[in-house]
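Protein chains: 2
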Amino acid sequence: MKKKLSIVDIAQSLNVSKTTVSFILNGRAQEKRISPELVERVQKFVEEVGYKPNSLAKSLRTGKSNIIGLMVEDISNPFFASIARLIEDRAYKNGYKIIYCSTDNDTRKTQDLIGMFRDRHVDGYIIAPPEGIEDDVTSLIKDGMPVVMFDRHLPKVDTDFVEIDNLFSTYNATLHLIEQGYKNIAFITFASKQTQMLSRLQGYKDALIAKGLKPVIKEIVFNQDEELIIEPIKAFLEEHKDLDAVFFGTNHVGTCGLKVINSLGIKVPSDLAVISFDDYDVFKLYATPVTAIAQPIVEIADNVITVLLSRLNNSSTHQKPQAIVLKTELRIRNSSKKAE
Amino acid sequence: MKKKLSIVDIAQSLNVSKTTVSFILNGRAQEKRISPELVERVQKFVEEVGYKPNSLAKSLRTGKSNIIGLMVEDISNPFFASIARLIEDRAYKNGYKIIYCSTDNDTRKTQDLIGMFRDRHVDGYIIAPPEGIEDDVTSLIKDGMPVVMFDRHLPKVDTDFVEIDNLFSTYNATLHLIEQGYKNIAFITFASKQTQMLSRLQGYKDALIAKGLKPVIKEIVFNQDEELIIEPIKAFLEEHKDLDAVFFGTNHVGTCGLKVINSLGIKVPSDLAVISFDDYDVFKLYATPVTAIAQPIVEIADNVITVLLSRLNNSSTHQKPQAIVLKTELRIRNSSKKAE
DNA sequence: TTGATTTAGTAAATCGATTTATTTTGTAGG
DNA sequence: CCTACAAAATAAATCGATTTACTAAATCAA
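Top to bottom, those sequences are chains A and B. Read in this note's numbering, the first sequence has 18 at position 18, and its numbers run on one by one without any break. So the mapping is simple: this note's numbering equals the position in the second sequence, first residue as 1, plus 1000.
Here is the structure:
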């Protein structure tokens, strides 16, 4: 177990001071007028023995950790997993590592996790915020931490966020259903006060009302246990035999919804047309592929990391927070008009 | 922007030495014979002002970071995302944070990432290792780092690992197909020398040979771009019209395979029976649900974290590395016998 | 009373870097 | 020859904890 080399070891081996080594390694040789020969000698040696500065010590001194904290709702959800994947790639390419965690939309858990991240001195935060976390995020921002929110935002917190045009997305998709001749369209979603969920619901309602139809809404209480999501959906569908279409508000609800539909032997779209928010292999490969609203995942990730990196690089300049809203794509998969 | 309190601030406020504060905060008060009154006073004050030790400084001194490095193949793959989720939960509960990354099965990238983790002084490693990474992992172990491998292992590296009984899983599932009357069964998988892939392939071959049938194997070169996976599968299926069943070696191949099957208008299972490794919503919700081999995800995660934590807690004792092999479950979904 | 031991606590070294302040050396100008 | 100034490098302070080694006061035994 060879022990790690420190900057002192390097300095001693070369008979120079560690200050000099440090300056050279940090590219401040010119500025500090260190002779090119010495620079060369040090760099060559460092390369040779494979010395790498201890980043903990570095962080302690500089106050920068080169770590970004990423808080998603649930890393096992394909939407968040994909985003995380893309963010991870771009972060690593820019010399940042990611510490991530799943909030489960649980305020207390999220508070704890913010505490942990803070404690670890992460340089910046990427958060899909749960409800009730306003104060904690505000306090982060007050302390000068860059925070970028995505998927949703906190109206009371003035910071960058990247999200999609939820209201238009569901409005447009609902209109599509109506134009196909569907009239009894239900919206099944998670009970939530989060901005993206409120907008999705609103878009659906707006479309129905604009066309003089009556909204039918079912809100499911989120639960880790999938059975407890499936159960109420089943009850709802059994109770509303008159529906001719159903709109699922998230990929998770959508997947559970399809399971219910299968178990009840409902035929899609002849018995019941289906649209889901989020596109996802399950929807593409379903017996009759399901129309879905696809989020521009790559763009979301790109924007998130770009905004955050720019904050990290000029932490001095106080630019106004950016609100980035991206478009979605309605992927129409079973466009057969409703049989009259 | 209030600045953080340090242990010195605490010590000064209370008129005691920082040594004393440190001892008390680390539960060494008794051992160090510090009077109960003083202990009480310090604890109360610390609580009051909400002081938290700077974990970077702590790590620098103690050499422990309380961070676990998790390297999966691809965090956006549902198998790895679920495992990561479970590991994350259990790690946090035990006071550890996770830094994760996706290796893409790329040796060079993985080497870089190990370097980064090492640099960050992570306390332990959980790795789904790509090929060719033996030396790097061995060197980690030599340096006394706990390393647990999962999903696959490196035969030349003697360390803990958790995986499933791949050979039996595919053997058993293939036998199931044969018993159903299928005779021309192909195995489509990623080209790979990884232990789990070799075993899966072997299990398939063993079963066919045992029954006097001829193996038909198609190995796909992995690629980030899904089109480049779909393409060769399509070519293969078009070329082998005589097949009556196909076995997909991973969830990813399976999903792509179903897309091909859909695009070719092949009916499952009447034209072609399908089995896939890994169970997954896509397979449950496919037009005719697909028989799949379900991995015990919770058990895998539990075992991984348990083994790692025990190594972390008694790093002194040199227990023999454990090889944990778990059972899978064959979920039979369209068990209709082949029509003769 | 004296020396040993225990009790309760602290000063200083340490982890491995960065950064500020300072010293040494060389050279040009008067 | 002496001063001034730049060039080249370094000593020492710092980040915020832990840990080793030490001290002062109190207790105890002989």
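Glycine included, every Cβ here is placed at the ideal spot set by N, Cα and C. For clarity, every value in this text was computed on a predicted model and none was experimentally measured.
Item to check | Cα-Cα separation between Leu70 of chain A and Gly212 of chain A, rounded to whole angstroms | outcome: Sequence index remark: in the first sequence, residue 70 of chain A carries index 70 (1-based). Sequence index remark: in the first sequence, residue 212 of chain A carries index 212 (1-based). Roughly 43 Å separates the two Cα atoms.
Next on the checklist: For Thr1020 of chain B, would you say it is in contact with chain A, using Cβ-to-Cβ distances shorter than 9 Å as the test?
Outcome noted: Taking the first residue of the second sequence as position 1, residue 1020 of chain B is located at position 20. Interface residue (Cβ-Cβ distance to chain A less than 9 Å): Thr1020 of chain B is not classified as such.
Checklist entry - chain A partners of Lys1259 of chain B, CB-CB under 9 Å? => result As a working note, residue 1259 of chain B is residue 259 in the second sequence. Per Cβ cutoff of 9 Å: Asp281, Lys284, Leu285.
Checklist entry - Going along the chain, which residues of its own chain have a beta-carbon closer than 8 Å to the beta-carbon of Glu1040 of chain B, five neighbours each way excluded? => result As a first step, residue 1040 of chain B is located in the second sequence; it is residue number 40 there, counting from the start. Excluding five sequence positions before and after Glu1040 of chain B, none of the CB atoms of its chain fall closer than 8 Å to its own CB.
Item to check | Where Leu113 of chain A sits in the DSSP three-state scheme | outcome: Here residue 113 of chain A corresponds to residue number 113 of the first sequence, with the count starting at 1. In the structure shown, Leu113 of chain A sits in a helix (DSSP, three-state: H, G or I).
Item to check | DSSP beta-bridge partners of Ala273 of chain A | outcome: As a working mapping, residue 273 of chain A is identified with position 273 in the first sequence. DSSP lists A:Ala245 as partners of Ala273 of chain A.
Next on the checklist: Whether or not the region 1266-1275 of chain B and the region 1234-1253 of chain B are in contact is what I'm after, with contact meaning three or more pairs of Cβ atoms, one per stretch, closer than 8 Å; do they touch?
Outcome noted: The answer is yes - the region 1266-1275 of chain B touches the region 1234-1253 of chain B, with three or more Cβ pairs under 8 Å.
Item to check | Contacting residues, own chain, Cβ-Cβ under 7 Å from Ala81 of chain A (five flanking each side not counted) | outcome: Counted from its first residue, the first sequence places residue 81 of chain A at position 81. The beta carbon of Ala81 of chain A lies closer than 7 Å to those of Ile75 in the same chain, with the five residues before and after it left out.
Item to check | Rounded C-alpha distance that separates Glu340 of chain A from Pro155 of chain A | outcome: On the first sequence, residue 340 of chain A is found 340 positions in, with the first residue counted as 1. On the first sequence, residue 155 of chain A is found 155 positions in, with the first residue counted as 1. Note that Glu340 of chain A scores a pLDDT of 48, beneath 50, so its modelled location is shaky; the value from the coordinates is reported in the next line. Between the alpha carbons of Glu340 of chain A and Pro155 of chain A lies a gap of roughly 44 Å.
Next on the checklist: Can you confirm whether the region 1320-1328 of chain B touches the region 1287-1301 of chain B when touching is taken to mean that 3 or more C-beta pairs between the two stretches lie within less than 8 Å?
Outcome noted: Yes, the region 1287-1301 of chain B touches the region 1320-1328 of chain B.
Next on the checklist: Counting only beta-carbon separations shorter than 9 Å, does Leu113 of chain A have a partner in chain B?
Outcome noted: Here residue 113 of chain A refers to the residue found at position 113 when the first sequence is read from its first residue. Yes, contact with chain B.
Item to check | Residue closest to Lys1044 of chain B, alpha-carbon to alpha-carbon, out of B:Asn1054, B:Phe1150, B:Ile1010, B:Glu1031 | outcome: On the second sequence, position 44 is the one that residue 1044 of chain B refers to. Selected option, being the one with the closest Cα: B:Ile1010.
Item to check | Of the residues B:Tyr1096, B:Thr1189, B:Gln1224, B:Lys1097, the one placed nearest Asn1105 of chain B, counting alpha carbons only | outcome: Here the question's residue 1105 of chain B lines up with position 105 in the second sequence. Among B:Tyr1096, B:Thr1189, B:Gln1224, B:Lys1097, the Cα nearest to that of Asn1105 of chain B belongs to B:Gln1224.
Checklist entry - So which residues of chain A does Ile1255 of chain B contact, with C-beta pairs closer than 8 Å? => result On the second sequence, residue 1255 of chain B is found 255 positions in, with the first residue counted as 1. The sequence shown places Thr at residue 1255 of chain B, not Ile. Result: Asp281, Leu285.
Item to check | Check whether Ile261 of chain A and Val253 of chain A have beta carbons under 9 Å apart | outcome: In the first sequence, counting from the first residue as 1, residue 261 of chain A sits at position 261. In the first sequence, counting from the first residue as 1, residue 253 of chain A sits at position 253. Going by C-beta atoms, Ile261 of chain A is not nearer than 9 Å to Val253 of chain A.
Next on the checklist: Could you check whether the Cβ of Pro155 of chain A sits closer than 8 Å to any heavy atom belonging to the ligand ADP?
Outcome noted: The ligand ADP is absent from the structure shown, which contains no ligands of any kind.
Checklist entry - Three-state secondary structure (DSSP) at Ile1266 of chain B? => result Taking the first residue of the second sequence as position 1, residue 1266 of chain B is located at position 266. For Ile1266 of chain B, the secondary structure class from DSSP, reduced to helix, strand or coil, is coil.
Next on the checklist: Short of 7 Å in beta carbon distance, which residues of its chain neighbour Cys256 of chain A, apart from the five on each side in sequence? Order them along the chain.
Outcome noted: Here residue 256 of chain A is taken as the residue at index 256 of the first sequence, counted from 1. Listed in chain order, the non-local C-beta contacts of Cys256 of chain A below 7 Å within the same chain comprise Glu226, Ile229, Ile230, Ile233, local neighbours out to five positions each way being set aside.
Checklist entry - Mind listing which residues of the region 1115-1143 of chain B have their C-beta closer than 9 Å to chain A's C-betas, in chain order? => result Under the 9 Å Cβ criterion, the region 1115-1143 of chain B contributes Gly1115, Met1116, Phe1117, Arg1118, Asp1119, Arg1120, His1121, Lys1142, Asp1143.
Next on the checklist: I want to see whether chain B comes within less than 9 Å of Glu329 of chain A, judged by CB atoms only; does it?
Outcome noted: As a first step, residue 329 of chain A must be located in the first sequence, where it is residue number 329. No, because no Cβ of chain B sits closer than 9 Å to the Cβ of Glu329 of chain A.
Checklist entry - When the Cα atoms are used, what is the spatial distance from Val307 of chain A to Val147 of chain A? => result By one-based count along the first sequence, residue 307 of chain A stands at place 307. By one-based count along the first sequence, residue 147 of chain A stands at place 147. Rounded to whole angstroms, Val307 of chain A and Val147 of chain A show a C-alpha spacing of 10 Å.
Next on the checklist: Can you list, in chain order, the residues of its chain with a C-beta nearer than 6 Å to that of Asn166 of chain A? Leave out the 5 residues immediately preceding and following it.
Outcome noted: Start at 1 with the first residue of the first sequence, and residue 166 of chain A comes out as number 166. Close CB contacts of Asn166 of chain A within its chain, under the 6 Å cut and outside five residues either way in sequence, are with Gln196, Ser199, Arg200 (chain order).
Checklist entry - How many Å lie between Leu1140 of chain B and Ile305 of chain A at the Cα? => result As a working mapping, residue 1140 of chain B is identified with position 140 in the second sequence. As a working mapping, residue 305 of chain A is identified with position 305 in the first sequence. One Cα belongs to Leu1140 of chain B, the other to Ile305 of chain A, and the distance between them is close to 31 Å.
Next on the checklist: Can you list, in chain order, the residues of its chain with a C-beta nearer than 6 Å to that of Val1216 of chain B? Leave out the 5 residues immediately preceding and following it.
Outcome noted: Looking up residue 1216 of chain B in the second sequence gives position 216. Ala1186.
Next on the checklist: Just to make sure I have the definition right: I need the residues of chain B whose C-beta is within less than 7 Å of the C-beta of Ser102 of chain A. Which are they?
Outcome noted: Here the question's residue 102 of chain A lines up with position 102 in the first sequence. Residues of chain B passing the Cβ test: Arg1085, Glu1088.
Checklist entry - Between Asp1136 of chain B and Gln1111 of chain B, what straight-line distance do the alpha-carbon atoms span, to the nearest angstrom? => result Numbered from its first residue, the second sequence carries residue 1136 of chain B at position 136. Numbered from its first residue, the second sequence carries residue 1111 of chain B at position 111. Asp1136 of chain B and Gln1111 of chain B have their C-alpha atoms roughly 7 Å apart.
Checklist entry - Which whole-angstrom value describes the C-beta separation of Val1122 of chain B and Ile1099 of chain B, a residue pair presumed to lie in contact below a C-beta threshold of 8 Å? => result Sequence index remark: in the second sequence, residue 1122 of chain B carries index 122 (1-based). Sequence index remark: in the second sequence, residue 1099 of chain B carries index 99 (1-based). Taking the Cβ atoms as the reference, Val1122 of chain B lies roughly 6 Å from Ile1099 of chain B, within the contact range of under 8 Å.
Item to check | Three-state class that DSSP yields for Pro321 of chain A in the structure shown | outcome: For the purposes of this step, residue 321 of chain A is taken as the residue at position 321 of the first sequence. In the three-state DSSP reduction, Pro321 of chain A falls in the coil class, being neither helix nor strand.
Next on the checklist: If distances are taken between C-alpha atoms only, which option among A:Thr20, A:Lys18, A:Leu5 comes closest to Glu349 of chain A?
Outcome noted: Summary: the structure shown does not reach residue 349 of chain A, with chain A confined to residues 1 through 340, and so no result is reported for it.
Checklist entry - Run through DSSP, which three-state label would Thr1189 of chain B get? => result Position 189 of the second sequence, counted from the first residue, corresponds to residue 1189 of chain B. Assigned with DSSP and collapsed to three states, Thr1189 of chain B falls in strand.
Checklist entry - Does the separation of the CB atoms of Thr189 of chain A and Lys218 of chain A fall below 9 Å? => result Sequence index remark: in the first sequence, residue 189 of chain A carries index 189 (1-based). Sequence index remark: in the first sequence, residue 218 of chain A carries index 218 (1-based). Cβ atoms of Thr189 of chain A and Lys218 of chain A: closer than 9 Å.
Item to check | Residues of its chain near Pro1130 of chain B, where Cβ-Cβ distance is below 7 Å and the 5 sequence neighbours each way are ignored | outcome: The residue given as residue 1130 of chain B occupies position 130 in the second sequence. Apart from sequence neighbours up to five positions away, the residues of its chain that approach Pro1130 of chain B with a beta-carbon distance below 7 Å are Thr1103, Asn1105, Asp1106, Thr1107, Thr1110, ordered along the chain.
Checklist entry - If you measure from the beta carbon of Leu1056 of chain B to each beta carbon in chain A, is any gap under 9 Å? => result Translated into positions along the second sequence, residue 1056 of chain B becomes position 56. Chain A contact via Cβ: present.
Checklist entry - With Leu345 of chain A and Ala301 of chain A assumed to form a contact (beta carbons below 8 Å), what rounded beta-carbon distance in angstroms separates them? => result Residue 345 of chain A cannot be examined here, being either before or after the span of chain A that is shown, 1 to 340.
Next on the checklist: Let me check one thing: in DSSP terms, what residues is Leu256 of chain A bridge-paired to?
Outcome noted: Counting from 1 along the first sequence, the entry for residue 256 of chain A is found at position 256. Looking at the sequence shown, residue 256 of chain A is not Leu but Cys. Beta-bridge pairing links Cys256 of chain A to no other residue.
Next on the checklist: Could you tell me which whole beta strand (DSSP E) segments of length 3 or greater appear in the region 1038-1122 of chain B?
Outcome noted: Listed in chain order, the complete beta strand (DSSP E) runs (minimum 3 residues) inside the region 1038-1122 of chain B are 1067-1072, 1097-1102.
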